[in-house]
Each structure stands twice: as C-alpha cells, then as structure tokens.
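Those protein sequence lines, which keep their order, are chains A, B and C. Going by the working numbering, the first residue of the first sequence is number 935, and it counts up by one from there. Going by the working numbering, the first residue of the second sequence is number 180, and it counts up by one from there. Going by the working numbering, the first residue of the third sequence is number 837, and it counts up by one from there.
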Amino acid sequence: MTKTLFEPSIRSRPVYGELSPRAGSAHLFIADGEGAEAITDMFAKAGADAPALLAKSHIIYMPGPYGTDLSAALQALGAAQFHRAPSFNAAELRIRKVLTDAHMGLQVYLAGTETVIGLAQREVMMAGLPFEAVQTEHRGSLSRRVQCVHCKGVTENVTTDPFVCSHCGLNLFVRDHYSRRLAAFQGVNIDAEDPGLVPAAVERFK
Amino acid sequence: MGLEFNTETFRNDFTFKNSPRAIRRFPFPFDRDDYMYSVNMEPHVPGRPGSVFEHMFDVDEHYVAEMRDRAQVLADDPLRCQSLPHMELAGWDLLELIMESKARDYPQWFELHKNGNRWHWINRPMEIEQKFTFLDPTTLPCGPMEYITRQAQGDFTLQDQRDDNLWIEAGMVTTQADWSLDFDIGMSFHEWHAPVPKAHQMGVFDRALKFLLKLQHGAPVRRFNWTMTVDPLLDTSPENYPKWGPTKTTLTPENIGNRQHLRVELQTLHRLPRSNAIAFPIRCYLIKFEELVTIPKWARRLHRVIRDIDPELSTYKGFIRNRELMVQYLSQFDDGAPTSPGWWPDE
Amino acid sequence: MSVGAPKIDVTVAEVVEVNSLIKRFRFVRADGGAMPPFSGGAHVVVEMEENGTRRLNPYSLMSDPSDTSGYSISVRRDDLGRGGSLYLHKQVKAGMRMQISHPVNLFPIDARAKKHLLLAGGIGITPFMSMMGQLQKMGQKFELHYSARSPQLGAYCETLAATYGDRVHLYYDEAGQAVDLDRLLQGQPLGTHLYICGPKGMIGWAKSRAEAAGWPRNTVHSEEFLAPPVGNPFDVELAASGVTVTVGAAQSILEAMEAAGVDAPYLCRGGACGQCETAVIRCDGHIHHHDHWLTPEDKASNRKIMPCVSRFEGKSLVLDR
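Next comes the structure, spelled out in structure tokens:
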C-alpha cells in the first residue's frame, strides 16, 4: 500500500507528507501497520546514506488496527534500536523515556494510521519539539479516533459516519475538525434537534 | 450611577430581561440592511457616554446574574476554563488589564490598591475582597485568568503569538456561540476558525491574522459578531447541545417574540504587555425579539437582514430551521421605509 | 495600525557613556507616570528631529521588563550611518523631551521552551538583557553566550556575569576566544530554543549551523534591525496620494513620504515586521530590497516594496500609497 491521498478539507484537518531523511544527531521512528512501508521506502531512497542513518536510528513499531504486522521487514533494516510493541499504549512509557533523554538535533518520523501519528505527535509536542518539526506519512487504515464533544469519551477506530459514542451512546457525526492536543477528531450529536432522525451510517474511514 | 443589578436567570425559568435603558444601549450589530462577513475592526476607543463602548469593559445590569451563571457552568464542567502552562503570564496581564480598567471606569464598584506587587482588590457588586501578590499564583484561590474572569462578563481567550501565527492557548468560555475551548485549545488561528464556511475563501482570516499580528499595546480594536439563540441561554456550548438544540423545534408564531433572541458579541482585542499575547474578550449581549422591535429602525433592518441572508450563513449560525418564522414575525414591523445609516437607534 | 498608535512623551533621565562606542539612555514619562510593562525582547521606536529631518529608529529595550519607572536603551555610534546614532550620541542630553512608541516585540521569548539558549554578538546583547530579566523572574532555564571584540568594548559583560553567574559565557575576539557553537548545539535538551542577535554575518552563520545540526526552524529565533542604507537620491510617485517625492541620500522612502505629509503605516522601521509593505504599481528600473520581510519571489517580482529600508535606482517608480 502506498501513501494515502486525502480530499481537500478544512484547515484544522491534519495533512501528511512523505518521510525523507533529514540532518540530525538521532532519528526516532514511530509507526504502526502499513506505516512500516513508509520507513522502508525512505531508507531505500536514502541509498548510500542509509547505513549511517540507521546507526543513529531507533524504530518503535506496533501492528495496525486490522492486525497488519510488518515488523520483520523493519527489523531487517538493522537500526541501532528496534522495538516491536503490541500497541501504542504499551509503547507509551518507552516513547516518553526516549524523548525525555533526547537532545536537540533529534529527528522524528511518524508513519501509519492517523491515530498513531496523532498520539505520537502529542508525546513529541509535550516533550518540547514543535509539531511542525515532526515528519509524518499516512499509510494504511483511515479509521479515526473521535472524541465525543458531549461526554468527552474517545471512541477508537471509528469507520462509519455517523456512529454511536462508545461511552454515552449518543449518535455522533464525525467532523474533520481535529485537535492535536486530544489527538482526535470531533464527534457531534446528529439528532439533537430531531431525536431518532439518524441517517444511515456510511463507511467513510475504512 | 444608580444602576442596580438584576436578579435573573439564564436557565430553567429564564427570567432574564432587558430594562428600557438596556434595550436602547443594546449593541445592534447591523449598520446597514444586509450582512456578509468582513474583518470590520475599528479602534476600541471610548464611545458615546452610556453606550456599551463607553468603557474598556462594559459592566451592565446583568453583571451579577451572569457571574452567578458562570459559576454554575464551571461547577458543572470545570474544563470550560483552561490555560496551557506557558500562558500564566498572559493570565496576569489580563488580570491587570481588567482590574485597572474597572477600578478606573467604575470606582463606585471596584477598587484596586497597589503597594509594589502587593495588591488589594475590592469588587463590591460581588462582595469580593482579595489581598494578593501580583505574579504569585499561590496567593490567589485559582489561576489569575480564572480568578479575574469569574468576575468579568463575557468569554475570554488568550492567544500566544509565535511563528507568525496566533495560538489559542488559554480561555474562560461559558457564554459561547457553539464552540468548544476544550477541543480548540492549542490550535492556530486558521485551525480554530476552520469550521466557519465561506470566510476562508474570502480571505477574511488571512487579512484578520495579518492585522492582529501587528496589534499594538495601547491600541485595542473591536468588532461585532452575532447569531441567534432560543431562550436567553448564555451557555450555548457544543458540550450541552443535546440539551439546548431541541428548543429550536419549539418555536411558534405565538412564542417567537418572547423566546427568540438576537445574540451579539462585542469582541475586543488587546495586546498584552508582559507576555506579548493577545487577549480576546468576547462579550455576549442578548435581546429578545419583543424587546428589539421596540426600536423601529432595528426591527425594519433585522427583518431585511434575516430575509436576505446567505443560506449557508444561516445554516452555520444554526437558525436555518426557524428563519422563515423569524422573517414572518419581523415582517409585521417593517413598513418598507428606508433606514438611517449606522447602528444607533433614531433619536 | 501604526498611524495614530499612541506615543509616549518622555524625558531623558540619564545618558551614560558605557564605553568609547556605546551610550545608554534612560527615558522616564514626562508626566511622571509609570511606563507600560513590556515583554523581554521588545523594542521602541525613538523619534528624533534634527534641523527639519525627522528620524524614527528602533532600539531594543534593555531594562527589566517589570520596571515601569523607565526604559533604557543602548546605542552604538555608527560614524558612517545616516546620523540617528550620531544625533543620540552628540545631541541628546539629560533633561531633553522626546517621543517614543509603545513597546513592540518582534523577538519574543517562546514561553513553551524547556530552556533558552541566547547567542549575542556586540550590541546585539541589548534585547537579551530584558529577556534575561524576565526569564529569571519566571524561573526559566537559560544560558547566555556573548561575543565581543574586547572586554573594553563588551558592554555590560561584568554586570551580566555578576548578576547571572555561570549562566553567562563571555568570548573576546581579541583574545582569540570564540564560542564552540557546534558542540553547544549538540548538548541541548529537547525543547531548547535558540535566540540570536548580533551582526548579520553572525546571525547567518548561527542559523546555518543550527539547521545543519537538525534544529527545527521554529526553535531558532533571530532579530536584526537594519538601519536604512544611504544611497543616491531618487524620485517616487505616490499614486493614491497624487504626489511625487524625492528621497534624499540619507533618507528612506518612508521618511520622504512622511515629510510630504503622506500617512503610511509602519511598526519597526527596520525591514523586519512587514507593516509598511506597499504594492508597486510600476517599476522602470531596479529596486534594492534591503528588508528581511519579503520572500525572494516577492523581491524578484518587483511588485512589492518595504519603504522603510529599500531603495530604487532607475527611471521611474510608482507606489500604491
């Protein structure tokens, strides 16, 4: 699977680029699922520079939401550090430790689903790097992390619009309005004015 | 100044109303018979005596009741007031601006005494007296922004300025036109305005941002915004939309004059000196249609504005479903006579 | 916005000769009131009137931002410049009345930073003096690396070292000392921001070293005020005002417009802020763009000009003002 193309949207909707090697003293990669291919593609393009880059690289990887697991290909790159985590949550404390110990000059590369890119970007921001300095590339599932603006609960892997909030049970439509701080899109009650009048759910974010 | 503060509510039995004086000084936002987005900023200099522009921060008959309503909103949902850690200094800037302005403009109600950084603040209408050390948050019951905005009408946001952009990174937001501080905090100028239709393509936000980045200390500016609200509900938050959204379906030709309110925001923008941040007070004024049509010029003009507004704007502002009802009601007060320029009522 | 923005009437309270090149001026409010507080890194525009020539030059504030009893600036004498610094050095004495702008900050602290790394060269030390006052009060981590030609010409070296101790690192060119920037950049914790103020060459060098070391653009901040350069006189037609002005050898287009009574916006008057950006209606000749504001594409297109610092050579220049 290659880089995802997105429809133009509102200004708060994140946009993603294509990973490319940058000068730096250390390189941290965080990816899930098909995001592994963004990393292997980048090293393939780096050519002769790849070994020097790999010697300063730390790759943290987790399977995608539908189980895609390309850890073998990533491990085969031979980075200085490679870690396969079962989930983002399981990798969170490791990521925090790496960022706490890091110095300016660190380059951060995030690839895979919006969920993992968003969660990792939030950690990097809290550690003090501007989010604009983080490279991102979207690959794989389009499923979304959505916060219910009413009960504040986050529903993971939302694929349909509208959907039912997994916390409060309201019918929510999914906006493209996105919060980096929450690493989530916004869900708003669709039938508040006409209770029960809910359009059929459409699979928009597979 | 014999202004008394109303005992009134903005929820449940909705006893809020405007006195004849409050109606005449209402900031009617339309200076002509049609409406489209514009940057429409002008210097926030003292205006006509008695008007809402007379002072830097207007304190009116609704002050005490609005502050009581704010306290209730915060008790129900403390996330309506948030400040990212780096915004504390901007909070002190705002506290200083509000305290100094109110003590200067309304000495009968507010007093500020300074001895170096030892400050003594008196707010008589709210029966508050506080001695504290300026810039030391441990000497206040809560953060400086929260402390002072629990005593000031209107919502407030604080924008940090960096990388040629503005970032909404602190705020007290309990009287909002359907936007969530908790969700938007941390966003850049174009991001938090992203859901607004049309204005981006018109370049309104590019021009506004360019203007605001150069906003100078000592030279605040102001503009209006407006929307429609059923019942005098200050807290029209997205958080509570399932509670207030359904009231839109209960309007009838009989009750619209009493229940439909024009909601006007007097927005001012101030460069803050110590933090270089920008303070954005958003003061909300409500007026029911029955009160508004007592000013013939406004009745005629509002009828024409609502009748002719771009449907995309009435959808975004959330009143498309009652637009016809509004136009019908207001049309009784429009005899087709020309209106005078500007927003002031005819003498 | 600057047109009509408030000015502050001040009295010169003190003029101190810091060394053979630098004088410090302290301004207090003429009405005896308090100055507005300001943010570290801010500057004011000082108005000067000499034999009918009006100059408005920006100078960084160096006093403690929370000290509202007055403002201090330090001015390095430029014997080859247009005369603003010479006027301040030779004509301005304690007791004189002057006008200054409200503080404006084009070089603010990034309050999110975990640490602030300050790099100063020569008179570029001044904005850092107010910044450090503020950072110290806010309990923030910072470190100053300050290069000067010699201890004699290094303004405030001793005061700074005495106040801030081992957070201050001094380098003297004449002693063959220089900051080991690459090593310095490598050892900073994540979330550090770099601030650079000094001569043009030093700013360019430090920015390129930071980029090579992998520092994100948004973590590197610099400020350089340009004095409007001198050059040959030329004419400018102001289409909206319907007048043609002659820009003198030691005058900027902005100053020539003001002298002709044309209201033009400005903020920094040093090519940094963008406020005076003006559309070029016709250009038959060459615009010498001296500003930091316009993009290279803008400059190449000759469709925009910054009248505070840029000049023109050629047949005719028509501006939309």
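All residues carry an ideal CB built from backbone N, CA and C; glycine is no exception.
> Taking 8 Å as the line, does the beta carbon of His1128 (chain C) fall inside it for any heavy atom of the ligand MG?
Replying inline: This structure does not include the ligand MG; it has no bound ligands of any sort.
>> Tell me whether the segment 1029-1042 of chain C and the segment 1051-1062 of chain C touch, counting them as touching only if at least three CB pairs, one residue from each stretch, are closer than 8 Å.
In response: yes
>> Suppose contacts are defined by Cβ-Cβ distances below 9 Å. Is Ala387 (chain B) in contact with Leu276 (chain B) by that definition?
In response: To locate residue 387 (chain B), count along the second sequence from 1; it is residue 208. To locate residue 276 (chain B), count along the second sequence from 1; it is residue 97. Their beta carbons are not under 9 Å apart, which means Ala387 (chain B) does not touch Leu276 (chain B) by this criterion.
> Would you report the Cα separation of Thr1131 (chain C) and Pro1101 (chain C), rounded to the nearest angstrom?
Replying inline: The sequence position of residue 1131 (chain C) within the third sequence is 295, counting from 1. The sequence position of residue 1101 (chain C) within the third sequence is 265, counting from 1. If you take the alpha carbons of Thr1131 (chain C) and Pro1101 (chain C), they lie about 20 Å apart.
>> What does the Cβ neighbour count give for Ser896 (chain C), buried or exposed, with the cut at 16 atoms within 10 Å?
In response: Here residue 896 (chain C) corresponds to residue number 60 of the third sequence, with the count starting at 1. Under this definition Ser896 (chain C) is a buried residue.
>> The alpha helix (DSSP H) that contains Pro421 (chain B), what's its start and end?
In response: Locating residue 421 (chain B) in the second sequence gives position 242, counting from the first residue. Where Pro421 (chain B) is concerned, the enclosing alpha helix (DSSP H) stretches over Tyr420 to Trp423.
> In terms of residues, what are the limits of the beta strand (DSSP E) holding Phe1148 (chain C)?
Replying inline: Here residue 1148 (chain C) is taken as the residue at index 312 of the third sequence, counted from 1. Unbroken beta strand (DSSP E) run through Phe1148 (chain C): Arg1147 to Leu1155.
>> Distance check for Arg918 (chain C) and Arg329 (chain B), CA to CA, integer angstroms please.
In response: In the second sequence, the residue the question calls residue 329 (chain B) occupies position 150. In the third sequence, the residue the question calls residue 918 (chain C) occupies position 82. Rounded to whole angstroms, Arg329 (chain B) to Arg918 (chain C) spans 53 Å at the Cα level.
> What number of angstroms, rounded off, separates the C-alpha of Ala378 (chain B) from the C-alpha of Glu306 (chain B)?
Replying inline: Within the second sequence, the letter at position 199 stands for residue 378 (chain B). Within the second sequence, the letter at position 127 stands for residue 306 (chain B). Their backbone Cα atoms lie some 43 Å apart in a straight line.
> Hey, which unbroken runs of the beta strand (DSSP E) at 3 residues or more fall wholly within the segment 1006-1067 of chain C?
Replying inline: 1028-1033 and 1056-1059
>> Rounded to the nearest angstrom, what separates Gln935 (chain C) and Ser1077 (chain C) at their Cα positions?
In response: Reading the third sequence from its first residue, position 99 is the one you call residue 935 (chain C). Reading the third sequence from its first residue, position 241 is the one you call residue 1077 (chain C). Their backbone Cα atoms lie some 27 Å apart in a straight line.
> Between the Cα of Gly1046 (chain A) and the Cα atoms of A:Pro1096, A:Val949 and A:Val1132, which residue gives the shortest distance?
Replying inline: Position 112 of the first sequence, counted from the first residue, corresponds to residue 1046 (chain A). Per the Cα distances, A:Val949.
> Is there a Cβ from chain A that is less than 9 Å from the Cβ of Met837 (chain C)?
Replying inline: Reading the third sequence from its first residue, position 1 is the one you call residue 837 (chain C). Residue placement at Met837 (chain C) is flagged as unreliable, the pLDDT there being 36, under the threshold of 50; a coordinate-derived value is accordingly withheld.
> Whole-angstrom Cβ separation of Arg1161 (chain C) and Leu857 (chain C), contact assumed at under 8 Å?
Replying inline: Here chain C covers residues 837 to 1157 and nothing more, so residue 1161 (chain C) does not appear.
>> Quick check on His938 (chain C) - is its C-beta less than 9 Å from some C-beta in chain B?
In response: Taking the first residue of the third sequence as position 1, residue 938 (chain C) is located at position 102. By this cut-off, His938 (chain C) is an interface position.
>> With DSSP as the reference, identify every bridge partner of Phe978 (chain C), one or two as the case may be.
In response: The residue given as residue 978 (chain C) occupies position 142 in the third sequence. For Phe978 (chain C), which the question treats as bridged, DSSP gives the partners C:His952.
> Would you say Gly365 (chain B) faces chain A, with C-beta separation under 9 Å as the test?
Replying inline: Stepping through the second sequence from its first residue, residue 365 (chain B) is reached at position 186. Taking Cβ atoms only, chain A reaches closer than 9 Å to Gly365 (chain B), which makes this a yes.
> Helix, strand or coil for Ser262 (chain B) per DSSP?
Replying inline: For this step, residue 262 (chain B) is matched to residue 83 along the second sequence. Strand.
> Under 9 Å between C-beta atoms, does Glu1047 (chain C) make it to chain A?
Replying inline: As a position in the third sequence, residue 1047 (chain C) is number 211, starting the count at 1. At least one chain A Cβ lies under 9 Å of Glu1047 (chain C).
>> Quick check on DSSP: helix, strand or coil for Gln507 (chain B)?
In response: The residue labelled residue 507 (chain B) in the question sits at position 328 within the second sequence. Looking at Gln507 (chain B) - three-state DSSP - the assignment turns out to be helix.
> Going straight from the alpha carbon of Thr186 (chain B) to that of Arg303 (chain B), what length do you get?
Replying inline: For the purposes of this step, residue 186 (chain B) is identified with residue 7 of the second sequence, where counting begins at 1. For the purposes of this step, residue 303 (chain B) is identified with residue 124 of the second sequence, where counting begins at 1. About 16 Å.
> What are the start and end residues of the alpha helix (DSSP H) that includes Ala849 (chain C)?
Replying inline: For the purposes of this step, residue 849 (chain C) is taken as residue 13 along the third sequence, with counting starting at 1. Where Ala849 (chain C) is concerned, there is no enclosing alpha helix (DSSP H), although the beta strand (DSSP E) it sits in stretches over Lys843 to Glu853.
> Should Ser1137 (chain C) go down as buried or exposed, given a rule of 16 or more other Cβ atoms within 10 Å for buried?
Replying inline: Working through the third sequence from its first residue, we reach residue 1137 (chain C) at position 301. Under this definition Ser1137 (chain C) is an exposed residue.
> Would Asn455 (chain B) be called buried (16 or more neighbouring beta carbons within 10 Å of its own) or exposed?
Replying inline: Here the question's residue 455 (chain B) lines up with position 276 in the second sequence. Buried is the call here.
> Asn344 (chain B) and Phe313 (chain B): beta carbons closer than 9 Å?
Replying inline: Locating residue 344 (chain B) in the second sequence gives position 165, where the first residue counts as 1. Locating residue 313 (chain B) in the second sequence gives position 134, where the first residue counts as 1. No, Cβ-Cβ distance for Asn344 (chain B) and Phe313 (chain B) is not below 9 Å.
> How would you label Tyr789 (chain C), buried or exposed, when you count the other beta carbons within 10 angstroms and need 16 or more for buried?
Replying inline: The shown model of chain C, from 837 to 1157, leaves out residue 789 (chain C), and the question about it has no answer.
>> Tell me which residues share the same chain as Thr318 (chain B) and place their Cβ nearer than 6 Å to its Cβ, disregarding the 5 neighbours each side in the sequence.
In response: Along the second sequence, read from residue 1 onward, the residue named residue 318 (chain B) stands at position 139. Here the set comprises Phe311 and Thr312.
> Which residues of chain A have a Cβ atom closer than 7 Å to the Cβ of Lys427 (chain B), listed in chain order?
Replying inline: Sequence index remark: in the second sequence, residue 427 (chain B) carries index 248 (1-based). Glu1127, listed in chain order.
> Of all the options C:Leu924, C:Arg862, C:Glu850 and C:Arg865, which has the alpha carbon lying nearest to the alpha carbon of Glu883 (chain C)?
Replying inline: Walking along the third sequence from the start, residue 883 (chain C) turns up at place 47. For Glu883 (chain C), the nearest C-alpha among the options comes from C:Leu924.
> Using the beta-carbon of each residue, which ones in chain C are nearer than 9 Å to His1072 (chain A)?
Replying inline: For the purposes of this step, residue 1072 (chain A) is taken as residue 138 along the first sequence, with counting starting at 1. Going along chain C, no residue has its Cβ under 9 Å from His1072 (chain A), so there is no contact; the nearest lies around 21 Å.
> If we ignore side chains and look at the alpha-carbon of each, how far apart do Ala970 (chain A) and His961 (chain A) end up?
Replying inline: On the first sequence, position 36 is the one that residue 970 (chain A) refers to. On the first sequence, position 27 is the one that residue 961 (chain A) refers to. One C-alpha to the other measures close to 15 Å.
> Where Glu233 (chain B) and Asn887 (chain C) are concerned, what is the direct C-alpha to C-alpha distance, given to the nearest angstrom?
Replying inline: Within the second sequence, numbered from 1, the residue matching residue 233 (chain B) stands at position 54. Within the third sequence, numbered from 1, the residue matching residue 887 (chain C) stands at position 51. Rounded to whole angstroms, Glu233 (chain B) to Asn887 (chain C) spans 42 Å at the Cα level.
> In the segment 243-303 of chain B, which residue ranges form an unbroken beta strand (DSSP E) of at least 3 residues, counting only runs that do not cross its ends?
Replying inline: 260-262, 289-294 and 297-302
>> If distances are taken between C-alpha atoms only, which option among A:Ala1024, A:Glu968, A:Ala1036 and A:Gly1012 comes closest to Leu1004 (chain A)?
In response: Your numbering for residue 1004 (chain A) matches position 70 in the first sequence. For Leu1004 (chain A), the nearest C-alpha among the options comes from A:Glu968.
>> Starting from Gln330 (chain B), trace the alpha helix (DSSP H) in both directions and tell me its first and last residue.
In response: In the second sequence, counting from the first residue as 1, residue 330 (chain B) sits at position 151. Unbroken run through Gln330 (chain B): none, as it is neither H nor E.
> Taking the C-alpha atoms as reference points, what is the distance between Gly535 (chain B) and Ser280 (chain B)?
Replying inline: Residue 535 (chain B) is absent from the structure shown; chain B starts at 180 and stops at 526.
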